[in-house]
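Position in the sequence shown (from 1) plus 249 gives the number in this note's numbering. Ideal Cβ placement from N, Cα and C applies to all residues, glycine included. Report on the structure given below.
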Amino acid sequence: MGIEFPVMLQQIVRIAVPYVLTSVGASFSERGGVVNLALEGMMLAGAFGAAMGEYYTGSAVAGVLCALASGLVVALLHAFVTVSMRADQIVSGIAINILVMGATRFGLSVFFGSAMNSPRIHGVEPVSVFLDPLFLAAVFSVVAGQFVLFSTPYGLRLRAVGESAETADSAGIGVSGMRYSGVLVSGALAALAGAFLVFQQHSFTEGMSAGRGYIALAAMIIGKWTPAGAALASLMFASAEAAEMWLQSGFLPTQLVQSLPYVITLLVLAGFVGKAVAPRDLGVPYDKGLRSE
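Given below as structure tokens:
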């Protein structure tokens, strides 16, 4: 067991990195008042962008930059639909996820001549996951995110917009600009999560985000809309997923073991969501000319 523990620890960290990056980003979007179910699509777009960037340039840095560009484009779309057009935020998120799923499938056939996966890419191959630049980015995002949200004027304004957009507007805070910024931060971090997935797998696979965006959203809720809390919840979900992999060779039915992370997500949400208080104006569109309801 002593020999296996370091292996399992690295496995937990490897699974946790996409959850941490995406859930920290979600805390920015939702603290500003925008529900972000589009995290799944942002992560998938980032993964596809990373695969495209590295395959055609041979550079992991170019892959990360393409991932960021892809994630930001999807985030900008979600922000435009929900903030500028004041559409239903949940419907927008689900529609964007479906759109990105179809767009990446189409992109696979156009750019790689395959309906399932891209050719192999090198990605980042550090000696240990603890030396992976994207792991370090995840750690930095937690520390920086916690500081920015709760110790800077920007964070105060973003949280004010999420609590009461009308009051923030009357105080001279640009509601739309703040909400756009929160969604764009979430898009950038979700895109990095997608790049991490691609570099770990060394190729892009259709639908490879596999529900991670939704689990990251759950982690953010359990973490009470804070980057530090979201990261701790992400580690919990990653531990459950790692345990599922290790238990598959045991005596429990495979189907039961594979459902373990999702069952734990539902149980924890059922216990915590009632205790976690969301920003008051979360999901409420704001029209400067009309009183929000």
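The straight-line gap separating the alpha-carbon atoms of V283 and G372 is approximately 33 Å. The DSSP-derived three-state label of T353 is helix. For V283, there is no enclosing alpha helix (DSSP H), as DSSP marks it with neither H nor E. Rounded to whole angstroms, the gap between the alpha carbons of V447 and A420 is 44 Å. Straight-line measurement puts the Cα of S278 at about 29 Å from the Cα of Q259.
Distance between S435 and A275, taken at the CA atoms: about 5 Å. Taking all protein chains shown into account, M365 has fewer than 16 neighbouring C-beta atoms within 10 Å of its C-beta and is therefore exposed. Here P476 is buried, its C-beta having at least 16 other C-beta atoms within 10 Å. Beta-carbon to beta-carbon, A352 and G443 are separated by about 14 Å, too far to satisfy the 8 Å threshold. In the structure shown, T401 falls within a coil segment according to DSSP collapsed to helix, strand and coil.
T271 carries a helical assignment under DSSP once its states are collapsed to helix, strand and coil. Distance between L385 and Y268, taken at the CA atoms: about 14 Å.
Cβ contact annotation for S483 (same chain, cutoff 6 Å, sequence separation greater than five): A265, Y268, V269, S272, A468, in chain order. By the CB criterion at 8 Å, A328 and Y429 fall inside the cutoff. DSSP places T454 within a strand segment (E or B) once states are collapsed to three.
DSSP links N366 through a beta bridge to T454. A417 and R406 do touch by the CB rule: their CB atoms are close to 7 Å apart, below 8 Å.
By alpha-carbon distance to V262, the top candidate from V533, F486, I464 is F486.
Taken in chain order, the complete alpha helix (DSSP H) segments of 4 or more residues contained in the segment 302–355 are 309–328. Under the rule that a run must span 3 or more residues, no beta strand (DSSP E) segment is found entirely inside the segment 417–449. With 16 or more other Cβ atoms from the protein chains shown falling within 10 Å of its own Cβ, T331 counts as buried. Cα atoms of I464 and R529: separation of roughly 22 Å, rounded to the nearest angstrom. Counting other Cβ atoms within 10 Å of its Cβ, G411 reaches 16 or more and is therefore classed as buried. The shortest C-alpha to C-alpha distance from R335 to any of S488, F389, Q449, V424 is the one to V424. The residue from G431, P255, G462, A309 with its alpha-carbon nearest to that of R280 is G431.
Per DSSP, reduced to three states, the secondary structure at R529 is coil, with no helix or strand assignment.
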